[in-house]
Amino acid sequence: QQQVKQSPQSLIVQKGGISIINCAYENTAFDYFPWYQQFPGKGPALLIAIRPDVSEKKEGRFTISFNKSAKQFSLHIMDSQPGDSATYFCAATQGNNRKLIWGLGTSLAVNP
Amino acid sequence: DARVTQTPRHKVTEMGQEVTMRCQPILGHNTVFWYRQTMMQGLELLAYFRNRAPLDDSGMPKDRFSAEMPDATLATLKIQPSEPRDSAVYFCASGFPWGGTYEQYFGPGTRLTVT
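Chain order of the listed sequences is A and B.
Those letters in the first sequence? Residues 1 to 112, per this note's numbering, in order.
Those letters in the second sequence? Residues 1001 to 1115, per this note's numbering, in order.
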């Protein structure tokens, strides 16, 4: 079963708008939650990550909001730009093996 | 500029042929991951190594896939015999634990087409 559920599968946003992608997880032992960004023809690249001891982390236009009690975390892209058009993956990991458990991805298109 | 490199970038082969994909992890990284990406399944972890030792290959079809790290600068993923359903993009990623986090650095991928 999918341990990390990501939604929506695809998203279209106008330039300047806010893009919001959500993820939910089951395993309360997860302790590291990264978001990866993938452009066509490229491998995923780490965008931003959070640990469960904070509720929010912001880096530039990108913010992760984390709700430990609801077992949910989300990525917010403020002032979305056409260059943000990509596929975004949430993930989670725990324990010594540090194997990432991935969501299925969200394809984001930002219209100019 | 340290990067994960993968070869070949593209491979077209006929069903039944052997395919070998190579990965050079970032120098100093002690963990290497092999992923397969398809539209239907997303990113699937096939196998990963730490300090060249296989830690988990449960995501890999054992009868046809094999993964090795003959040395710290080379990881290989082999498919023998290949089948059309193996068509996908195969990514290698390397990582190193830092402050309890575990960023993975991905290579550009090998796009495999099996006809």
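Beta carbons are placed, not taken as given, at the ideal position from N, Cα and C, and that holds for glycine.
Keep in mind that this is a model prediction, so the values were computed, not measured.
Review point. When the distance is taken between beta carbons, is V1004 of chain B closer than 9 Å to S1066 of chain B?
Key: The count along the second sequence starts at 1 and reaches residue 1066 of chain B at position 66. The count along the second sequence starts at 1 and reaches residue 1004 of chain B at position 4. Result no, Cβ atoms of S1066 of chain B and V1004 of chain B do not sit closer than 9 Å.
Check your understanding: Name the chain A residues that come within less than 7 Å of Q1104 of chain B, Cβ to Cβ?
Key -> Locating residue 1104 of chain B in the second sequence gives position 104, where the first residue counts as 1. In chain order: L100.
Review point. Whole beta strand (DSSP E) runs in the region 1050-1095 of chain B with 3 or more residues, listed along the chain?
Key: 1053-1056, 1065-1071, 1074-1079 and 1088-1095
Review point. Are the beta-carbon atoms belonging to V1032 of chain B and M1069 of chain B less than 9 Å from one another?
Key: Here residue 1032 of chain B is taken as the residue at index 32 of the second sequence, counted from 1. Here residue 1069 of chain B is taken as the residue at index 69 of the second sequence, counted from 1. Cβ distance < 9 Å, so V1032 of chain B and M1069 of chain B count as in contact.
Point to revise | Test: F1091 of chain B CB closer than 9 Å to a CB of chain A | key: Against the second sequence, residue 1091 of chain B aligns to sequence position 91. Output row for F1091 of chain B: interface = yes.
Exercise for review: Could you check the C-alpha separation between Y88 of chain A and M1039 of chain B for me, to the nearest Å?
Suggested key: To locate residue 88 of chain A, count along the first sequence from 1; it is residue 88. To locate residue 1039 of chain B, count along the second sequence from 1; it is residue 39. Their backbone Cα atoms lie some 14 Å apart in a straight line.
**Study point:** Through-space distance from D1063 of chain B to G83 of chain A, alpha-carbon basis
**Key:** In the first sequence, counting from the first residue as 1, residue 83 of chain A sits at position 83. In the second sequence, counting from the first residue as 1, residue 1063 of chain B sits at position 63. Looking at the two C-alpha atoms, the distance is approximately 42 Å.
Review point. In chain A, which residues lie less than 7 Å from G1042 of chain B when you measure between Cβ atoms?
Key: Here residue 1042 of chain B refers to the residue found at position 42 when the second sequence is read from its first residue. What G1042 of chain B touches in chain A: W102, L104 and G105.
Exercise for review: Would you identify the three-state DSSP class for P82 of chain A, choosing helix, strand or coil?
Suggested key: Here residue 82 of chain A refers to the residue found at position 82 of the first sequence. Residue state, collapsed to three classes: helix.
Point to revise | Anticipated Cβ contact below 8 Å, L1077 of chain B with W1034 of chain B, distance rounded | key: Counting from one through the second sequence, the residue named residue 1077 of chain B turns up at place 77. Counting from one through the second sequence, the residue named residue 1034 of chain B turns up at place 34. Sure, about 5 Å apart at Cβ, within 8 Å.
Point to revise | Residue interval of the beta strand (DSSP E) (run including S7 of chain A) | key: The sequence position of residue 7 of chain A within the first sequence is 7, counting from 1. Run containing S7 of chain A: V4 to S7, per the beta strand (DSSP E) assignment.
Review point. Using a C-beta to C-beta distance shorter than 9 Å, which residues of chain B count as neighbours of A45 of chain A?
Key: Translated into the one-based positions of the first sequence, residue 45 of chain A becomes position 45. In chain order: Y1105 and F1106.
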